[in-house]
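In what follows, a structure is listed as structure tokens, so that the remarks can point back to it.
In our numbering, the protein residues as written are 312 to 420.
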């Protein structure tokens with residue numbers, strides 16, 4: 312029974328891999344004006360390691376090998392919106408997120 316279950320699982324995994332869109336192999340990261348990757352999309356320049364201020368974003372996706380530090384204050388300042396502190400978010404490689412506050416700056420690690 313176990314080999315049949317493993318074979319079925321591998322078949323499902325293989326079919327999911329083949330169903331990916333053709334552009335899925337390219338690295339990219341995007342911020343979105345709406346929650347859950349909706350609204351206006353703004354591409355991230357993954358080669359730029361400097362702080363970048365952006366239009367307020369409620370969500371993001373990261374399909375790259377880079378981590379992205381996301382800040383709720385301009386100029387990559389840590390803290391809750393309008394406050395200093397140590398709060399910021401790391402959008403890991405191959406992850407997506409919807410933020411509790413608008414993201415307004417980021418830095419690619």
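Note that beta-carbon positions come from the ideal geometry of N, C-alpha and C, so glycine has one too.
Give me, in chain order, the residues of the same chain whose beta-carbon lies closer than 8 Å to that of residue i; leave out the 5 immediate sequence neighbours on both sides.
i           : result
residue 338 : 357, 374, 375, 376, 377
residue 368 : 342, 343, 344, 353, 410, 413, 414, 415
residue 398 : 383, 389, 390, 391
Mark residue i as exposed unless 16 or more other C-beta atoms lie within 10 angstroms of its C-beta, in which case mark it buried.
i           : result
residue 370 : buried
residue 359 : exposed
residue 366 : exposed
residue 372 : buried
residue 405 : exposed
residue 335 : Confidence at residue 335 is low in this model, with a pLDDT of 46, below 50, so the placement of that residue is unreliable and no value is reported for it.
Look up residue i in the DSSP assignment and say whether it is helix, strand or coil.
i           : result
residue 396 : coil
Grab me the residues of residue i's own chain with a C-beta within less than 6 Å of its C-beta, minus the 5 sequence neighbours each way, in chain order.
i           : result
residue 387 : 362, 416, 418
residue 350 : 343, 344
residue 400 : 381
residue 355 : 340
Assuming residue i and residue j make a contact with CB atoms under 8 Å, what is their CB distance in whole Å?
i           : j           : result
residue 364 : residue 340 : At roughly 16 Å, the Cβ-Cβ gap does not stay under 8 Å, so residue 364 and residue 340 are not in contact.
residue 348 : residue 407 : 6 Å
Give me, in chain order, the residues of the same chain whose beta-carbon lies closer than 7 Å to that of residue i; leave out the 5 immediate sequence neighbours on both sides.
i           : result
residue 346 : 369, 370, 409
residue 396 : 389, 390
Only counting runs of 3 or more residues, tell me where the beta strand (DSSP E) segments fall wholly within the segment 326 to 382, in order along the chain.
Correct list: 339 to 345, 349 to 354, 363 to 374, 379 to 382.
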